[in-house]
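> Each protein sequence line maps, in turn, to chains A and B.
By the numbering used here, the letter at position 3 of the first sequence is numbered 72, and the numbering carries on one by one without gaps.
By the numbering used here, the letter at position 303 of the second sequence is numbered 372, and the numbering carries on one by one without gaps.
Every residue, glycine too, gets a C-beta built ideally from N, C-alpha and C.
Note that this is a predicted model, so its numbers are computed, not measured.
Pasting in a structure now, in structure tokens, and then I'll have a few things to ask.
There are 2 protein chains.
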Amino acid sequence: MPRRATIYDIARLAEVSPGAVSSVLNGTWAKRRISRMTADRVNRIAAEQGYAVNFQASMLRRERSHVIGMIVPKYDNRYFGAIAERFETMARARGLFPVITCTRRDPDLEFEAAREMVSYQAECLVVTGATDPDRIAALCHAAGVRAINLDLPGRLAPSVLSDNFDGALRLTRLLVRRTEADFGAPVPLWFVGGRVGDNNTTERLRGFHAALAEAGRSAEPSHIVTPGYSSAPVAAELGRAAPAAPLGIFANSTIAVEGVMRVVAGLPDPAGVRMACFDWDPFAALLPQMIAMARQDVEGMLARLFALIDGEECPAAARTEIPCILELAPRPSGRAAG
Amino acid sequence: MPRRATIYDIARLAEVSPGAVSSVLNGTWAKRRISRMTADRVNRIAAEQGYAVNFQASMLRRERSHVIGMIVPKYDNRYFGAIAERFETMARARGLFPVITCTRRDPDLEFEAAREMVSYQAECLVVTGATDPDRIAALCHAAGVRAINLDLPGRLAPSVLSDNFDGALRLTRLLVRRTEADFGAPVPLWFVGGRVGDNNTTERLRGFHAALAEAGRSAEPSHIVTPGYSSAPVAAELGRAAPAAPLGIFANSTIAVEGVMRVVAGLPDPAGVRMACFDWDPFAALLPQMIAMARQDVEGMLARLFALIDGEECPAAARTEIPCILELAPRPSGRAAG
DNA sequence: CTGAAAGCGCTTACAG
DNA sequence: CTGAAAGCGCTTACAG
Numbered sequence: 070m071p072r073r074a075t076i077y078d079i080a081r082l083a084e085v086s087p088g089a090v091s092s093v094l095n096g097t098w099a100k101r102r103i104s105r106m107t108a109d110r111v112n113r114i115a116a117e118q119g120y121a122v123n124f125q126a127s128m129l130r131r132e133r134s135h136v137i138g139m140i141v142p143k144y145d146n147r148y149f150g151a152i153a154e155r156f157e158t159m160a161r162a163r164g165l166f167p168v169i170t171c172t173r174r175d176p177d178l179e180f181e182a183a184r185e186m187v188s189y190q191a192e193c194l195v196v197t198g199a200t201d202p203d204r205i206a207a208l209c210h211a212a213g214v215r216a217i218n219l220d221l222p223g224r225l226a227p228s229v230l231s232d233n234f235d236g237a238l239r240l241t242r243l244l245v246r247r248t249e250a251d252f253g254a255p256v257p258l259w260f261v262g263g264r265v266g267d268n269n270t271t272e273r274l275r276g277f278h279a280a281l282a283e284a285g286r287s288a289e290p291s292h293i294v295t296p297g298y299s300s301a302p303v304a305a306e307l308g309r310a311a312p313a314a315p316l317g318i319f320a321n322s323t324i325a326v327e328g329v330m331r332v333v334a335g336l337p338d339p340a341g342v343r344m345a346c347f348d349w350d351p352f353a354a355l356l357p358q359m360i361a362m363a364r365q366d367v368e369g370m371l372a373r374l375f376a377l378i379d380g381e382e383c384p385a386a387a388r389t390e391i392p393c394i395l396e397l398a399p400r401p402s403g404r405a406a407g
Numbered sequence: 070m071p072r073r074a075t076i077y078d079i080a081r082l083a084e085v086s087p088g089a090v091s092s093v094l095n096g097t098w099a100k101r102r103i104s105r106m107t108a109d110r111v112n113r114i115a116a117e118q119g120y121a122v123n124f125q126a127s128m129l130r131r132e133r134s135h136v137i138g139m140i141v142p143k144y145d146n147r148y149f150g151a152i153a154e155r156f157e158t159m160a161r162a163r164g165l166f167p168v169i170t171c172t173r174r175d176p177d178l179e180f181e182a183a184r185e186m187v188s189y190q191a192e193c194l195v196v197t198g199a200t201d202p203d204r205i206a207a208l209c210h211a212a213g214v215r216a217i218n219l220d221l222p223g224r225l226a227p228s229v230l231s232d233n234f235d236g237a238l239r240l241t242r243l244l245v246r247r248t249e250a251d252f253g254a255p256v257p258l259w260f261v262g263g264r265v266g267d268n269n270t271t272e273r274l275r276g277f278h279a280a281l282a283e284a285g286r287s288a289e290p291s292h293i294v295t296p297g298y299s300s301a302p303v304a305a306e307l308g309r310a311a312p313a314a315p316l317g318i319f320a321n322s323t324i325a326v327e328g329v330m331r332v333v334a335g336l337p338d339p340a341g342v343r344m345a346c347f348d349w350d351p352f353a354a355l356l357p358q359m360i361a362m363a364r365q366d367v368e369g370m371l372a373r374l375f376a377l378i379d380g381e382e383c384p385a386a387a388r389t390e391i392p393c394i395l396e397l398a399p400r401p402s403g404r405a406a407g
């Protein structure tokens, strides 16, 4: 493996000192009163040699690393994928070096990944959807790294969340209204997916109950099916509960929709199902059963996140809830009311 | 910002030399014949201090960085999201440090990101779906970094691809067979999405034509609609071409499906459309028009990719095409034949 | 206008 | 069984 060119190689070729090369290449040459002629020569030779600075050496020497870390449960998911993508773009726009790693909802991997971010000398770590954000915040604080929670809240660092209660409330109101309109009378409403104890599920469940209460109704406990976030257990548990159409379903995440649809496909009357989903997917929106989706406002969340990052103040108590965007599904032509 | 603990801090507290601390913490203490008692003490104190090694310093000093880079067009996409996620998992399993960055199909960003990977001292760069992979490979080679292309091929580095021709051939055969069965006679077949000149579109188009030729048919040039990979131009151009049902559509990517569905929704008879899609999405599979999807074999592709990475040999000519997995869409109960 | 020099935090051959 | 020391490639105050 041919050794990469260093500032010493460039210095030799340009017949200047390594220090001068360094300041030309990192743009501080004017401040150091190096002549433009020298700067041009050094830049030309560096380009010819395909020189690329060694980040390890450069970051070691500099006072600040400008590294900003993010851990995220998954990439393979519209919501978290959009978060990761937008995070990178916004970090780069600020001259920061984003380092993202995906922790697959594994608590140990989350913690190890956070440690790794400390090792990368991250100045700030965005902890997205972590199962135990406070454990990570403690690790960060011990190392002098700012932590900010995203998507799921913690007590030891500020949190930027979706307004899960409000989104679920509005979604459930729609579900109540549309099922009554389509079927001519109240039908059983189910809440499917997620895990009780998880903050987001708790908040959405609260919104679900509140909307039912507004309508003078209450939820049947056996219609709350929360076996987690993957689709197989959702399909299994919902299948055992044997729902009968007509009915309405609040799907707590698009992954839950995958499970729900397997059960719905087996029903004698799939057209007797109406569904609302917390989270958004363009194709799920085209399902004939879908009436609305609560799209989490990724841009709004990240705007708030970077406002916290840009401002130094980060009170641990700060907690921002960003409203979701309610997307009505197109009403398929073939679907009759009632 | 409190300074992070260093090996010097631990050394002082444990009353040993910094060198001894270093070898205890990186596991080479047995080789250096340091006593277990000393090692235990150092480990305990390091844990108490929340010590985390400084990667910049450690990687600078070591001979190898163990960093492995990947550039990827998007995270917010089932296919590329799955690639990024699996890449991280497999790299970690090998003790490597994956660094991924998302380049949003921007040629300049791709090149800048590749430069950045060289600066991170990456030993290898996986170039995924790049618009100009050879420009990046040249940069890598100049810096002594191995490059491997994924998803789109280049001439200067080995390439791991989907077997686009074969996948499109099988998908089109299905489309021919199912439209003839459902409508009782051959109907117009359209190819929608992607860009002519792009390797993958070219190969899939070749498969499309080959399957038509097998059936003794040929494609109408005006039925090839390839205005790129985003959904808005697909909807616009397909809308202008005003397709009439009954018809069959080969959608070149799930993003194309989004555009196609906007047009289909406006047709007098959406049920007169059959669609096959290159690429997979669980919800797109549930569209009533969808008959089959070609799921790219991400696991198979990455297995091959890491076989190249693990083995030192990387002949630039090497080109592997991994077969796609054909997923038949569930046949909706409400859909009548003919 | 530019160079010599110290030092970032680590690793590892070498000496004992 | 352990320490002293050199050096990875850079940056930047300091001296001239």
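So Asn146 (chain B) is in the alpha helix (DSSP H); what residue range does that whole segment cover?
Per DSSP, Asn146 (chain B) belongs to no alpha helix (DSSP H) and is neither H nor E.
> Of all the residues that make up the stretch 175-192 of chain B, which are near chain A by a beta-carbon distance shorter than 7 Å?
Of all residues in the stretch 175-192 of chain B, Arg184, Val187, Ser188, Tyr189 and Gln190 have a Cβ within less than 7 Å of some Cβ in chain A.
> Is the shortest distance between the beta-carbon of Lys100 (chain A) and the beta-carbons of chain B less than 8 Å?
For Lys100 (chain A), the answer is no, since every Cβ of chain B falls outside 8 Å of its Cβ.
> Taking only the alpha-carbon atoms, compute the straight-line gap between Arg105 (chain B) and Ala80 (chain B) and give it to the nearest angstrom.
For Arg105 (chain B) and Ala80 (chain B), the distance between alpha carbons rounds to 16 Å.
> Counting Cβ pairs closer than 8 Å, one from the stretch 277-284 of chain A and one from the stretch 230-244 of chain A, do we hit at least three?
Verdict: yes, contact present.
> Taking a contact to mean a Cβ-Cβ separation below 8 Å, would you say His135 (chain A) touches Phe166 (chain A) in this structure?
Yes; because the gap between Cβ atoms is below 8 Å, this pair is in contact.
> Val265 (chain A) by DSSP, collapsed to three states: which one?
In this structure, Val265 (chain A) counts as strand in the three-state DSSP scheme.
> Within 8 Å of any Cβ in chain B, is that where the Cβ of Gly164 (chain A) sits?
So, not an interface residue.
> Which chain B residues sit within Cβ distance under 7 Å of Glu157 (chain A)?
What Glu157 (chain A) touches in chain B: Thr170 and Cys171.
> What are the boundary residues of the alpha helix (DSSP H) that includes Thr107 (chain A)?
Element bounds for Thr107 (chain A): Arg105 to Glu117.
> Once DSSP output is grouped into helix, strand and coil, what is the label at Val303 (chain B)?
Correct three-state label for Val303 (chain B): helix.
> If you count every other CB in all the chains shown that lies within 10 Å of the CB of Arg404 (chain B), and 16 or more means buried, which is it?
The predicted model places Arg404 (chain B) with a pLDDT of 46, which falls under 50 and marks its position as unreliable, so this point remains unresolved.
> Nearest-angstrom Cα distance between Ile205 (chain A) and Cys171 (chain A)?
Near 15 Å, if we compare the C-alpha coordinates of Cys171 (chain A) and Ile205 (chain A).
> Please report how far the alpha carbon of Ala74 (chain B) lies from the alpha carbon of Ala284 (chain A), in whole angstroms.
Their backbone Cα atoms lie some 58 Å apart in a straight line.
> In this structure, does DSSP put Pro384 (chain A) in helix, strand or coil?
Coil, per DSSP.
> Would Ala226 (chain A) pass as an interface residue toward chain B - the criterion being a Cβ-Cβ separation below 8 Å?
So, not an interface residue.
> So what does DSSP say about Glu157 (chain B), is it helix, strand or coil?
Helix.
> Using the beta-carbon count (16 or more within 10 Å), is Ala325 (chain A) buried or exposed?
It is buried - the Cβ of Ala325 (chain A) has at least 16 other Cβ atoms within 10 Å.
> Does chain B have any CB closer than 8 Å to the CB of Pro399 (chain A)?
Cβ-Cβ to chain B under 8 Å: yes for Pro399 (chain A).
> Output the distance between the C-alpha atoms of Gly407 (chain B) and Leu355 (chain B), rounded to the nearest integer angstrom.
Residue placement at Gly407 (chain B) is poorly supported in this model, since its pLDDT is 35, which falls under 50; the coordinates still yield a value, given next. Between Gly407 (chain B) and Leu355 (chain B), the C-alpha separation is close to 20 Å.
> Ignore the nearest five residues each way along the sequence and tell me which others in Ala108 (chain B)'s own chain have a CB closer than 6 Å to its CB.
Excluding positions up to five away in sequence, the list reads Val93 and Trp98.
> Please name the residue or residues paired with Leu219 (chain A) in a DSSP beta bridge.
DSSP, once it has assigned bridges, lists A:Thr197 and A:Val229 as partnering Leu219 (chain A).
> I need the DSSP call for Val168 (chain A), collapsed to helix, strand or coil.
If DSSP states are grouped into helix, strand and coil, Val168 (chain A) belongs with the strands.
> At a cut-off of 7 Å, would you count Lys100 (chain A) as near the ligand FMN, judging by its Cβ distance to the nearest heavy atom?
Inclusion of the ligand FMN in the displayed structure is not the case, the ligand content being empty and no account of it being possible.
> With a threshold of 8 Å between beta carbons, is Tyr144 (chain B) in contact with chain A?
Cβ-Cβ to chain A under 8 Å: yes for Tyr144 (chain B).
> When you compare only the Cα positions, how much space is there between Arg247 (chain A) and Arg343 (chain A)?
C-alpha separation (whole angstroms): 8 Å.
> May I have the straight-line CA-CA distance separating Gly335 (chain A) from Ala305 (chain A), to the nearest angstrom?
Each residue's alpha carbon lies about 12 Å from the other.
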